[in-house]
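Letter by letter, the sequence shown follows residues 35 to 410 of this note's numbering.
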Amino acid sequence: MKTVCALNQCAGCMACVDICPKGAVTIVDRLSAYNAVIDADRCIGCNACHAVCQHNHPAKQQLPAKWYQGWALEPELRNRCASGGLATAVSEAFVEAGGVVCSCTFKDGQFVFAFAETKGELQKFSGSKYVKSNPVGMYKKVKQFLQKGRKVLFAGLPCQVSAMKNYIGAQYEEQLYTADLICHGTPSPKILEIFLNQYGYSLGELRDIQFRIKAKFMIYADHKSVVPNGVCDKYSIAFLNSLIYTENCYSCPYACKQRVSDLTLGDSWGTNLPEEQQRQGISLILTQTQKGAELLNMANICLKDVDIEKAIKNNQQLCEPSHPPKTRNSFFNGIEKNKKFNHLIFSRYPKACLKQDIKSILIRTGIISYEISIVK
Ligand SMILES: Cc1cc2nc3c(=O)[nH]c(=O)nc-3n(C[C@H](O)[C@H](O)[C@H](O)COP(=O)(O)OP(=O)(O)OC[C@H]3O[C@@H](n4cnc5c(N)ncnc54)[C@H](O)[C@@H]3O)c2cc1C
35 MKTVCALNQC AGCMACVDIC PKGAVTIVDR LSAYNAVIDA DRCIGCNACH
85 AVCQHNHPAK QQLPAKWYQG WALEPELRNR CASGGLATAV SEAFVEAGGV
135 VCSCTFKDGQ FVFAFAETKG ELQKFSGSKY VKSNPVGMYK KVKQFLQKGR
185 KVLFAGLPCQ VSAMKNYIGA QYEEQLYTAD LICHGTPSPK ILEIFLNQYG
235 YSLGELRDIQ FRIKAKFMIY ADHKSVVPNG VCDKYSIAFL NSLIYTENCY
285 SCPYACKQRV SDLTLGDSWG TNLPEEQQRQ GISLILTQTQ KGAELLNMAN
335 ICLKDVDIEK AIKNNQQLCE PSHPPKTRNS FFNGIEKNKK FNHLIFSRYP
385 KACLKQDIKS ILIRTGIISY EISIVK
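This is how it looks when you write it as structure tokens:
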């Protein structure tokens, strides 16, 4: 098998698929790893796939010039977003200034990328999707917008930003603005599908999916929590314990302080700001370039100083990639043998699961009550 980058190290960024003039590259999802496989019969040896690959050639990374924490000033916007709503607030200002935003949305059962040119269209991007997203087709289209003289803001995972920069090259660098998310790692959407199937859901039948409401991590399928509202489900437990990511994530070259984008966004974990602000969500914000500063200047946001050391201490991904738990291989073996997802997670994290299962019983029987308002 001929692959674009080292075996099992593909991030699924899809830049090689977009650039191949012969349609010779296919991404093979083995659940525990992705591979970009080259069809030797179609390949003309142009090397474009190898050159654009962010694993082979990570784009230039630089240390942040400025560190902040903050939030979107519009309360409704902040409420519907993952943390402080910075990504959406910056995107709003960008489209209002005539730019185009390209980011991730859930559509027809898939985590794909799309464009937005108005404030209304941006709603589809809000919220974190804790799964590998798929920017296929976007590289070409972003380049077309740039060729027409438009400014584009690409917001995605660091590996995707790196791939976009490789694809676009130096010619349109000035018009391309990039925002990357601090990233823990991403599982294949097929793992999410296996989890959902246990509850009778299927991604293809959902119109909406949410992965968290502020600091509460749990899956909401079509605005209904999969397990009782307030309980952390076993997909979220597996995600937060770094069990289910694809293999490349454990040696991610972007999990460090040197960032690949103009603007980096994450959660301001460990903040010293009042509880009331924390409940509403606070973003951690890093700017690397003048363009990053420009994005912040144009947005309707509140910026505060942040204790950099504390921010780094509370966000491991700013120092090193997630570590694969010892039980990861046996988890994927179990999945291949059709063992129940929830059982596999319970046997690996009995304490965490038992705590949530007891909470679930107490909520179901009305002994304790828990309500989180779901933003529709
Ligand atoms: C897989 C993943 C892992 C993360 N791990 C961490 C972490 O360890 N530490 C940390 O501080 N923050 C992490 N984040 C970032 C955090 O969850 C928030 O996305 C970030 O703080 C931005 O919040 P916001 O309120 O500004 O975003 P919003 O205004 O809600 O906008 C979110 C933006 O992110 C984009 N997006 C969402 N999901 C994806 C995806 N799967 N692929 C590409 N783009 C996507 C949306 O399209 C949108 O543009 C992670 C995000 C993801 C998607």
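Think of the CB as a built atom: it goes at the ideal place given N, C-alpha and C, for glycine as much as any other residue. It should be emphasised that the depicted structure is a prediction, and the values quoted were computed from it without experimental measurement.
So, at 6 Å on beta carbons, what are the nonlocal neighbours of residue i in its own chain, with the 5 sequence-adjacent residues on each side left out?
{"i": "Ala333", "result": "Ala123, Val124, Ala127"}
{"i": "Arg184", "result": "Val134"}
{"i": "Glu155", "result": "none"}
Kindly indicate which three-state DSSP category residue i falls into: helix, strand or coil?
{"i": "Leu352", "result": "helix"}
{"i": "Ser317", "result": "strand"}
{"i": "Gln95", "result": "coil"}
{"i": "Asp267", "result": "coil"}
{"i": "Pro223", "result": "helix"}
{"i": "Asn69", "result": "strand"}
{"i": "Asp301", "result": "strand"}
{"i": "Ser236", "result": "coil"}
{"i": "Asp75", "result": "coil"}
{"i": "Ala121", "result": "helix"}
{"i": "Tyr383", "result": "coil"}
{"i": "Arg293", "result": "strand"}
{"i": "Leu210", "result": "strand"}
{"i": "Gly368", "result": "helix"}
{"i": "Met172", "result": "helix"}
{"i": "Val135", "result": "strand"}
{"i": "Tyr102", "result": "strand"}
{"i": "Gln88", "result": "coil"}
{"i": "Cys44", "result": "strand"}
For residue i, which residues in the same chain have their Cβ closer than 7 Å to its Cβ, ignoring the five residues on either side in sequence?
{"i": "Ile225", "result": "Leu65, Ile278"}
{"i": "Ile335", "result": "Gly104, Trp105, Ala106, Leu107, Leu120, Ala123"}
Given the structure, does residue i come close to ligand 1, in the sense that its CB is under 7 Å from one of the ligand's heavy atoms?
{"i": "His377", "result": "no"}
{"i": "Asp142", "result": "no"}
{"i": "Asn349", "result": "yes"}
{"i": "Leu388", "result": "no"}
{"i": "Asp267", "result": "no"}
{"i": "Cys193", "result": "no"}
{"i": "Tyr235", "result": "no"}
{"i": "Tyr173", "result": "no"}
{"i": "Ile78", "result": "no"}
{"i": "Gly368", "result": "no"}
{"i": "Ile216", "result": "yes"}
{"i": "Cys138", "result": "yes"}
{"i": "Leu226", "result": "no"}
{"i": "Trp101", "result": "no"}
{"i": "Gly161", "result": "yes"}
{"i": "Tyr164", "result": "yes"}
{"i": "Asp301", "result": "yes"}
Buried or exposed for residue i, please, with buried defined as at least 16 other CB atoms from any protein chain shown within 10 angstroms of its CB.
{"i": "Ala213", "result": "buried"}
{"i": "Tyr404", "result": "exposed"}
{"i": "Cys80", "result": "exposed"}
{"i": "Ile392", "result": "exposed"}
{"i": "Pro169", "result": "buried"}
{"i": "Asp339", "result": "exposed"}
{"i": "Arg313", "result": "exposed"}
{"i": "Met35", "result": "exposed"}
{"i": "Ser276", "result": "buried"}
{"i": "Thr305", "result": "buried"}
Let me see if you follow: with CB-CB separation under 8 Å, is residue i close to chain D or not?
{"i": "Lys185", "result": "Of the chains in the structure shown, none is chain D; there is only one protein chain."}
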